[in-house]
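Visitor:
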Amino acid sequence: MRSRRPVRLTVVLSAMSLLSAACLGPGGGEGGGENVVTVLGTWTDAEAKAFEESVKPFEEETGVDVKYEGSRNFTELVVARVQGGNPPDISTPAQPGLLSDLVQQDAALPLSESVDVQALQDSLIPGLIESGQVDGEAYGLPMKLAVKSALWYPVPEFEEAGYQVPETYPELVDLQRQIARDGETPWCIGAESAESTGWPITDWIEEYVLRLHGPEVYDQWISHELPFNSPEIKAAFEEFGKVVNTKGNVAGGARGVLATNFGDSPQGLFEDPPNCYLERQANFITGFYPEDVQGDLDSNVGATYFPSGIQGGYQGDPVLVAGEYALLMTDNPDAKQLMKFLAQDSYGQSWAETGGYLSPHQGFDTSVYPDDVTRSLQEIAAEADVARFDGSDAMPGPVGSGSFWTESVAWLSGDQDLDTTLKKIDESWPE
Amino acid sequence: MIYKILNALIVVFVGVVGVPVLYFALNALVNRIPGRLRTWLRPYVFVGPALAMVGVFLVYPAVHTVILSFRDRFGQEWVGFSNYVDVATDASMREVVFNNILWIVFVPTLTVAIGLAVAVLADRLKTTAERVVKSVIFLPMAISFVGASTIWLFVYAYRPSGEQIGLLNAVWTLFGGEQQAWTQLSAGNLNDFLLMVIMIWLQAGFAMVLLSAAIKNVPVETLEAARIDGCNEWQIFWQVIVPQVRATILVVLTTVTIFVLKIFDVVYVMTGGNFRTDIVANRFITELLSARNFGAAAVIVVALLMVTVPVMVLNIRRFREEEATR
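Heads up: the protein sequence lines correspond to chains C and Z, in order.
So the first sequence is numbered by our numbering: it starts at 1 and just counts up by one.
So the second sequence is numbered by our numbering: it starts at 432 and just counts up by one.
1. Between which two residues does the beta strand (DSSP E) holding valine 325 of chain C run?
2. Taking 8 Å as the cut-off, does the region 672-685 of chain Z touch the region 729-739 of chain Z (at least 3 CB pairs, one atom from each stretch)?
3. Let me know the secondary structure DSSP gives glutamine 610 of chain Z once reduced to three states.
4. Determine the direct distance from the alpha carbon of phenylalanine 505 of chain Z to that of arginine 723 of chain Z, and round the result to whole angstroms.
5. Could you please give the first and the last residue of the uninterrupted beta strand (DSSP E) stretch that includes threonine 304 of chain C?
6. Three Cβ pairs or more, each shorter than 8 Å: is that satisfied between the region 297-307 of chain C and the region 166-184 of chain C?
7. Identify whether tyrosine 169 of chain C lies in helix, strand or coil by the three-state DSSP scheme.
8. Determine whether the Cβ of alanine 522 of chain Z lies closer than 9 Å to any Cβ atom of chain C.
9. By the 9 Å beta-carbon criterion, what residues does the region 261-282 of chain C contribute toward chain Z?
10. Taking just the CA atoms, how far does alanine 251 of chain C sit from asparagine 245 of chain C?
11. Grab me the residues of glycine 70 of chain C's own chain with a C-beta within less than 7 Å of its C-beta, minus the 5 sequence neighbours each way, in chain order.
12. Which of helix, strand or coil does DSSP assign to lysine 247 of chain C?
13. Keeping to the same chain, check which residues put their C-beta closer than 8 Å to that of alanine 191 of chain C; ignore five residues upstream and five downstream.
14. Return the CA-CA distance between valine 443 of chain Z and alanine 481 of chain Z, expressed in angstroms with no decimal places.
15. Hey, would you say alanine 387 of chain C sits closer than 9 Å to leucine 128 of chain C, going by beta carbons?
16. Could you give the residue range of the alpha helix (DSSP H) that holds tyrosine 699 of chain Z?
17. Name the one or two DSSP bridge partners that arginine 388 of chain C has.
18. Would you mind reading off the limits of the alpha helix (DSSP H) that contains glycine 97 of chain C?
19. Could you work out which residues of chain C lie near threonine 653 of chain Z, taking near to mean beta carbons separated by less than 9 Å?
20. Give me the Cα-Cα distance between glutamine 611 of chain Z and glutamine 595 of chain Z, rounded to the nearest whole angstrom.
21. Determine which residues of the region 588-599 of chain Z have a Cβ less than 9 Å from any Cβ of chain A, and write them out in chain order.
22. Can you list, in chain order, the residues of its chain with a C-beta nearer than 6 Å to that of alanine 560 of chain Z? Leave out the 5 residues immediately preceding and following it.
23. Identify the residues that DSSP records as bridge partners of tryptophan 152 of chain C: which are they?
24. Count the other C-beta atoms from every protein chain shown that fall within 10 angstroms of the C-beta of glycine 25 of chain C, then say buried if there are 16 or more, exposed otherwise.
25. In chain Z, which residues lie with their C-beta within 7 Å of the C-beta of serine 401 of chain C?
26. From which residue to which residue does the beta strand (DSSP E) around tryptophan 448 of chain Z run?
27. Roughly how many whole angstroms lie between the Cα atoms of glutamine 670 of chain Z and alanine 645 of chain Z?
28. Please report the Cβ distance between glycine 253 of chain C and serine 592 of chain Z, rounded to the nearest whole angstrom; I am assuming they are in contact, meaning their Cβ atoms lie under 8 Å.
29. Round the Cβ separation of isoleucine 694 of chain Z and methionine 630 of chain Z to the nearest angstrom and send it over; I've been treating them as touching at under 8 Å.
30. If I follow the unbroken alpha helix (DSSP H) through leucine 77 of chain C, where does it start and stop?
31. Taking the beta carbon of leucine 621 of chain Z as the centre, do at least 16 other beta carbons fall within 10 Å, making it buried, or is it exposed?
32. My understanding is that phenylalanine 51 of chain C touches leucine 338 of chain C, with C-beta atoms under 8 Å, so please give their C-beta distance in whole angstroms.
33. Is there a Cβ from chain C that is less than 9 Å from the Cβ of valine 798 of chain Z?
34. Since phenylalanine 706 of chain Z meets chain C, which of its residues come closer than 9 Å, beta carbon to beta carbon?
35. Run through DSSP, which three-state label would tyrosine 163 of chain C get?
36. So is serine 114 of chain C in contact with chain Z if we call contact Cβ pairs under 9 Å?
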């Protein structure tokens, strides 16, 4: 009997250690600790590899191990990790609204803790730092840019049909009529995106607020000094309503828009003959193109500025942008070093070479981009008079990733009228 | 991936081997304690781990949720009843609650009706045929809610241009109808009912199995007596069979009702709560994760809890009564 006791004890001990070790996994622990920096981001698969590749020089130089974890449910995950007292060293929110929520939960450190904010501001495309501020203090480090004001068209079919690439908004309206007269469908629009259904609608509204009223009204709107049910914002909704509800403009009308996944909608550009000839969508949409198109972007598709100059509207060229911020969440000195690395204007060259990356820095070497399409996207951002960050991403969560999406869907589907829609969005704005 | 597999293996190992080992170890420890203390302590040692688990994973979160419901968006400052007022006065919340009531009224009753019908009719088939029919009806039970919803996404699929892939649209156009975006058709709550079909499809098998067992337990003598007295089959069903399986019907009804109160997967996958199909549990998820409004999310959970508890109590009481009569 006696001799068996140690055996039992070992069994118990091993059971205990198993219980405590039951959660293996990359990036599991709190922060990184010694010589490790944990990064939680939105990029998965190929993009995750591209990010890891982009920080290799940092790892080699400093000997610090960057542990990256990417998830499609980034927003849920980062909120849960903060709630659980287990934040990553650095996270990469793409929404200033989420960033501001994290700051308000005391889960982030100001940018001035890790980098020279003034120097950074001079190097970046104007307006980006401001969108990552909370109460006048900069938190978000812009590290990857998305250009939303892009108009995509199939190059060969466009030339064949003799269509001109529109340079002003009236030209775009004429082109739209011309395509419809030829018996074709001008627009591809998809607003379905599972639990995020509706976000493409909000991008359209933002474009129209900028093009109808300019950046000042836009700023008042996203800070809710100007409510949704003001005549200015209502006009922007109506302008988008015109695009969707004009008969023959979009396949299936509003129902078609709401039933089509945003990633599937550009497929229509590449059918033979095309199901539709124009799409307004951010630069990342190329990742959803058919593989043969992705292999040779330049000869298949063109990207131009979604034109401005609506009659009676704002007469400048505003551009709508978005992108990921790096946000420092712990006091880890190695993480601060990584922030410095990410803030360099040359950061992202290896990523840019593989495609799908636009630098937020003005001085970035555009020759490393793999194709003319990417270069023209960079030009859209560089040549604009004024850049503004995606408004829905900048609004507080209950509106920007809540009612603005869902109520817009309810309006477009015809379930409720525009006035009710705008009123309901206003009511959901947190005090 | 390798980590996930390892984690799964560890969890299975700890669950199957670790837990008995833990009990043996604790028992061995108690054996070393002398005298009366040992007899006093032993039951607690065995109940203890279970109580601790329930406490940590059920009671503590429940209490914490109630606390959060009185705090602001981030769970930091006390705000009194203002979250409750916000949720109660939110116009779209009324629609959500109405949809939930539709689900609670129709899903359990239709599930039981279909389960009962299949059970009774299958009872009259030859043994092999009965087995086949029951297996087919029971099969969806093996699919998760999310999996089932994904299957039904293809049934209801609609494309504005190009080739259609939806099964329902194929049938509909065969009979001369036009392509429809089914899940968007909110007139007359049609899309709500289309989503309920998924839940019924999943649960009818469960109802059928329980009811079939109950029907087979109905003594043949009572059926023969009824026949001799001149009852037709319809009368036998309603006046002889149904009263004798009443208890089972109620158990199935309450169980499915609890399922329905918790359901969110179907709506989340099919429509994300758009097109006026939102229900309470899905609304909770959107408030918590998309809108990051912890206070409002907590209020919804508290409300859901208050509705679920009476149903649970009813269920347990009935179960006890049944045990007592056995």
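C-beta atoms are modelled at their ideal positions from N, C-alpha and C, and glycine is treated no differently.
All values reported here derive from a predicted model rather than from experimental measurement.
Guide: If we stick to the structure as given:
1. The sequence shown places tyrosine at residue 325 of chain C, not valine. Run containing tyrosine 325 of chain C: 318-328, per the beta strand (DSSP E) assignment.
2. The answer is no - the region 672-685 of chain Z does not touch the region 729-739 of chain Z, with fewer than three Cβ pairs under 8 Å.
3. Looking at glutamine 610 of chain Z - three-state DSSP - the assignment turns out to be coil, as it is neither helix nor strand.
4. Cα to Cα, arginine 723 of chain Z sits roughly 8 Å from phenylalanine 505 of chain Z.
5. Note, threonine 304 of chain C: beta strand (DSSP E), 301-305.
6. In short, these stretches touch, since the Cβ pair count reaches three.
7. For tyrosine 169 of chain C, the secondary structure class from DSSP, reduced to helix, strand or coil, is helix.
8. With respect to chain C, the C-beta atom of alanine 522 of chain Z has a partner C-beta closer than 9 Å.
9. Taking 9 Å as the Cβ-Cβ cut-off, the region 261-282 of chain C approaches chain Z at Asp264, Gln267, Gly268, Glu271, Asn275 and Cys276, given in chain order.
10. One Cα belongs to asparagine 245 of chain C, the other to alanine 251 of chain C, and the distance between them is close to 10 Å.
11. Only Gly41, Thr42, Trp43, Thr44 and Ala48 meet the Cβ criterion.
12. DSSP places lysine 247 of chain C in coil when its eight states are reduced to three.
13. For alanine 191 of chain C, where only same-chain residues beyond five positions count, the Cβ hits under 8 Å are Thr197, Gly198, Trp199, Pro200, Ile201, Val257, Leu258, Thr260, Phe262, Val409 and Leu412.
14. Near 18 Å, if we compare the C-alpha coordinates of alanine 481 of chain Z and valine 443 of chain Z.
15. Yes, these two residues count as a Cβ contact at 9 Å.
16. Where tyrosine 699 of chain Z is concerned, the enclosing alpha helix (DSSP H) stretches over 696-701.
17. Looking at the DSSP assignment, arginine 388 of chain C forms a beta bridge with C:Leu320.
18. Note, glycine 97 of chain C: alpha helix (DSSP H), 96-104.
19. The contacting residues do not exist; threonine 653 of chain Z stays about 53 Å from chain C at best.
20. Looking at the two C-alpha atoms, the distance is approximately 11 Å.
21. No chain A is part of this structure, whose protein chains are labelled C and Z.
22. Cβ neighbours of alanine 560 of chain Z beyond the five flanking positions: none.
23. Answer is C:Glu279 and C:Ala303.
24. Confidence is the limiting factor: at glycine 25 of chain C the pLDDT is only 42, short of 50, which leaves the residue's position unreliable, though a coordinate-based value still follows. Its Cβ having fewer than 16 others within 10 Å, glycine 25 of chain C is exposed.
25. Neighbours of serine 401 of chain C in chain Z, taken as residues at a C-beta separation under 7 Å, are given in chain order as Ser721 and Ala722.
26. The sequence given here places valine at residue 448 of chain Z; tryptophan does not occur at that position. Counting along the chain, valine 448 of chain Z falls outside any beta strand (DSSP E), and DSSP gives it neither H nor E.
27. Linking glutamine 670 of chain Z to alanine 645 of chain Z through their CA atoms gives a straight-line distance of about 15 Å.
28. For glycine 253 of chain C against serine 592 of chain Z, the beta-carbon gap comes to about 11 Å, at or over 8 Å, which does not count as contact.
29. The C-beta separation of isoleucine 694 of chain Z from methionine 630 of chain Z comes to about 6 Å, placing the pair in contact by the 8 Å criterion.
30. Taken as a continuous stretch (DSSP letters only), the alpha helix (DSSP H) holding leucine 77 of chain C covers 74-83.
31. Exposed, by the Cβ-count rule.
32. Contact doesn't hold; Cβ gap of about 12 Å is too wide.
33. Residue 798 of chain Z lies beyond the residue range present for chain Z, which begins at 432 and ends at 757; the question has no answer from this structure.
34. Neighbours of phenylalanine 706 of chain Z on chain C, chain order: Leu258, Val409, Ala410, Ser413 and Asp415.
35. Note: tyrosine 163 of chain C maps to coil in three-state DSSP.
36. No, serine 114 of chain C does not count as interfacial toward chain Z.
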